[in-house]
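Protein chains in written order, with our numbering: chain A, 5 to 307; chain B, 1396 to 1763; chain C, 4 to 249.
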């Protein structure tokens, strides 16, 4: 129920978004995945009616972002990049303030935020500025939800938050989705893509691909191997010099390697590495993840 | 409406929780009034003078007595020639010398005109100016009284520029100026900072995305500062009255109404500043240079406008506090009513409308 | 007993803020040329510990030596021997690439000739030469981070502290960044790094995980995975942090 067509915007001659089109269905958990500076924030701000696109049009639940901005604002819950809370007000005061702004009360919509709020309730008298990152995130989410929005827009809610808090946060989003709220979320963390129904991969103001995470992965055309040996630092350099190397990237405890030739037979590579003095060599075919796909798309974009 | 009340409540919380805001709001007015009233006072006391009396008649003696008994001056020497004057000035023994022309009384009665020269140590220009004014005021007083008694229309030639502050008290000059300064500062600077703070914290984004209308946001921001500014205006008046014995000669209701007008003007200026400033720092900077300094320097608060170069005088006319200072001086000291301040009131009103229109024009329902 | 040269040695470090104990009795060593990963949830006490190690804050108690200097009295000497880079603080955006390098080189008292020579090397290594005169504000984030890192090790410190250096950077640049880290470690500079990317934890020689002001795990990624029966560091981390919550 969010439709954007041919949206472009530029700041000081730099194109922040170039001819972006996409649509999000009602009740979907939709992710915009891309590094900082890709244009995610601009895009979300256009959809929340905070800024105007230079060209193109967009609508949210059939409401035009330019003409009907007042009505969009009534049905949108928005959590900007920085947790925008009043640092000097307590947890409870923040919540009741934002409730009042939307003409409601904490009591009225308590059910919706109960699961989230209950985790920060013990600290309800503490000023928001003194909460930890994970708790601020929960409070900001509660504030964005307090008026029972139809659509929730979250701009990098997990940036700078530790892995565990991030996991918890995504569980909360899943639950909200099950309550029927349409959710748009942006993130620089590629691994979070797999938690969305569909994702748009964004880089330098352009959408590289839009699909379900599985769909994106199934489009990955190269053969991919994970490789390790006892000297990972040297391994990367050596594979880089191998004559059949299309790409080689660090990936956790392995290197992800794909051959130019697309050959699944790795004997030549193994022999090459043994000659270079590597021991305990593991080479096995592996499934690509979103990050592999993203890097592949980035490279074909640049090349 | 409930939404709105909640907004105002939140705003008060911000103010009351921030120690700096509280100090600026309540500490500064008191400190300023006391500092300006006592320390930076331009009151004169025991200024050292010498007299060169080339006439030595009963009139010159009487004038000299009047001067010394006023409490402002201390007669340290009687000179015999003009040469001594310069020497005394160089040594720093005196701040002012007074020369009566020969045959002073005779000329006064016969020609209706006598001359007295007042020489000041102008290395301290302000004090010199003030001493000269005091002296000539006392001499003028004497001259009026004398012509009344004798029936003769005599005149003593000396410069004078003392009016409506007959007791020549410093606080009388400073209270109106300080009031203008403080109201300007609190209303304009604090509102512009509090609005830009929301921009900086990112909370403005959330407010804009809410159904709250921009007018509500602005008015909600402004109301607490309006009330606090008004409380401040009253406390300055009370302080002026009880500490410095400064009366309100004119109608009090008019004075308060004018203060409200001025506060509204300053608030709309503050909103205007916040629409052009992106950060607190910029807002602070603009406030400092466009409000604080001009209010101190160009409003006639410390330096008389008449003494400024023509170009600067034009600039002065574009500064709202100047009009407010004229208004309160008129009402408090001269005791005049609305008929004498309608023009200044109109100008302030014009400024208010101008800033509001500009703000509405510039305020965005979206981000930049 | 480990025979490698200790570059950071921490024994029983305690840091209190009033009643609150941010660091509860930390003890660990970091060796020369090691890539040492420092992980933990928000508020686990990482930042506090790093501040102490950088000489910005003094410990409440414990024996701490960094680059051979005492963290109580020799903080100025510590600062001379470390480099620091964080995601937030990096470079002056209104100065050019070259001006930034010259400025930081100057801070650490390098001679003009050294700065000139090293600047040239650095720009060539990063393929930056043609952008030497560009303002920092005009170059992409990924480049900025790489440049900021290179500047942090410009004066050849003994240790470089990296506080979430790769946050928000695209995946390719992120890997290029780690290539730089590896290279640096190979020249003998110790790298002390914090990150929220768990795959990056695997790149470290040893990883230390802080939970609630304590060190709950410290070993090579491989041993940690064995110890917790986990497939990857993400699982290790989640298990440790979850255990704390129960």
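C-beta: ideal position from N, C-alpha, C; glycine also. Quantities reported herein were computed from a predicted structural model and do not represent experimental measurements.
Legend entry - Exposed unless 16 or more other CB atoms sit within 10 angstroms - verdict on residue 1467/B: buried
Legend entry - the segment 38-71 of chain C: positions lying closer than 9 angstroms to chain A by Cβ: 42, 43, 44, 45, 46, 47
Inset, instruction - Report the neighbours of residue 181/C on chain A: residues whose CB is nearer than 8 angstroms to its CB, in chain order. - result: 254
Legend entry - Nearest residue (CA-CA) to residue 129/C, options 154/C, 105/C, 114/C, 54/C: 154/C
Legend entry - Member of 12/A, 10/A, 162/A, 33/A whose CA lies at the smallest distance from the CA of residue 215/A: 33/A
Legend entry - Bounding residues of the beta strand (DSSP E) (the contiguous stretch that carries residue 86/C): 85-89
Inset, instruction - Note down, in chain order, all residues in the segment 216-242 of chain C with a beta-carbon under 9 angstroms from any beta-carbon belonging to chain D. - result: You won't find chain D in this structure, because its protein chains are A, B and C.
Inset, instruction - Alpha carbon to alpha carbon, how far is residue 242/A from residue 220/C? Give it in angstroms, no decimals. - result: 33 angstroms
Inset, instruction - Taking residue 1451/B and residue 1533/B to be in contact with their CB atoms under 8 angstroms, please state how far apart those CB atoms are, rounded to whole angstroms. - result: Not quite, the Cβ-Cβ distance comes to about 19 angstroms (not below 8 angstroms), so this is no contact.
Legend entry - Bounding residues of the beta strand (DSSP E) (the contiguous stretch that carries residue 176/C): Unbroken run through residue 176/C is the alpha helix (DSSP H), 174-189; no beta strand (DSSP E).
Legend entry - Interface partners of residue 1/C on chain A, CB under 7 angstroms: Only positions 4 to 249 of chain C appear in this structure, which leaves residue 1/C out of reach.
Legend entry - Contact set between residue 1603/B and chain A, taken where Cβ atoms lie within less than 7 angstroms: 54
Inset, instruction - Determine the burial state of residue 6/A: buried for a count of at least 16 other Cβ atoms within 10 Å of its Cβ, exposed for fewer. - result: buried
Legend entry - Interface residues of chain C facing residue 136/A [CB-CB closer than 7 angstroms]: 45, 46
Inset, instruction - Could you tell me whether any Cβ in chain C is nearer than 8 angstroms to the Cβ of residue 153/A? - result: no
Inset, instruction - Would you please verify whether the beta carbon of residue 77/A is less than 8 angstroms from any beta carbon of chain B? - result: yes
Legend entry - Listed by chain order, chain A residues near residue 1413/B by CB distance under 8 angstroms: 92
Legend entry - DSSP three-state assignment for residue 1562/B, whether helix, strand or coil: Here residue 1562/B scores only 43 on pLDDT, less than 50, and its place in the model is too uncertain to base an answer on.
Inset, instruction - Assign residue 46/A to one of two classes, buried (16 or more other C-beta atoms within 10 Å of its C-beta) or exposed (fewer than that). - result: buried
Inset, instruction - Using three-state DSSP, classify residue 95/C as helix, strand or coil. - result: coil
Inset, instruction - Note down, in chain order, each residue of its chain lying with its Cβ closer than 8 angstroms to the Cβ of residue 1408/B, except the 5 sequence neighbours on either side. - result: none
Inset, instruction - Select from the segment 188-220 of chain A all residues with a C-beta closer than 9 angstroms to any C-beta belonging to chain C, and list them in chain order. - result: 192, 193, 194, 195, 207, 208
Inset, instruction - Classify residue 1693/B as helix, strand or coil using the three-state DSSP reduction. - result: coil
Inset, instruction - Could you tell me whether the Cβ of residue 2/A comes closer than 8 angstroms to any Cβ of chain B? - result: There is simply no residue 2/A to check, as chain A begins at 5 and stops at 307 in what is shown.
Legend entry - residue 49/C and residue 10/C closer than 8 angstroms at C-beta: no
Legend entry - Closer than 7 angstroms at the beta carbon, the chain B residues around residue 88/A: 1596, 1597, 1598, 1600, 1601
Legend entry - Contact the segment 261-276 of chain A vs the segment 222-235 of chain A: 3+ CB pairs below 8 angstroms: yes
Legend entry - Alpha carbon of residue 1556/B to alpha carbon of residue 55/A, nearest angstrom: In this prediction, residue 1556/B has a pLDDT of 34, which is less than 50 and means its spatial position is unreliable; nothing more can be read from the coordinates.
Legend entry - Exposure of residue 1512/B, with buried meaning 16 or more beta-carbon neighbours within 10 Å: exposed
Legend entry - Contact between the segment 1599-1606 of chain B and the segment 1642-1656 of chain B (3+ Cβ pairs under 8 angstroms): no
Inset, instruction - Report yes or no: do three or more beta-carbon pairs, one from the segment 81-91 of chain A and one from the segment 137-150 of chain A, lie closer than 8 angstroms? - result: yes
Inset, instruction - With 8 angstroms as the threshold, decide whether the Cβ of residue 116/C is near any Cβ in chain A. - result: no
Inset, instruction - Taking 8 angstroms as the threshold, find out whether the segment 160-177 of chain C comes into contact with the segment 33-42 of chain A through three or more Cβ pairs. - result: yes
Inset, instruction - Using a threshold of 8 angstroms, state whether the C-beta atoms of residue 172/C and residue 41/C are closer than that. - result: no
Inset, instruction - Could you check the C-alpha separation between residue 1445/B and residue 1414/B for me, to the nearest Å? - result: 53 angstroms
Inset, instruction - Please name the residue or residues paired with residue 204/A in a DSSP beta bridge. - result: 36/A, 214/A
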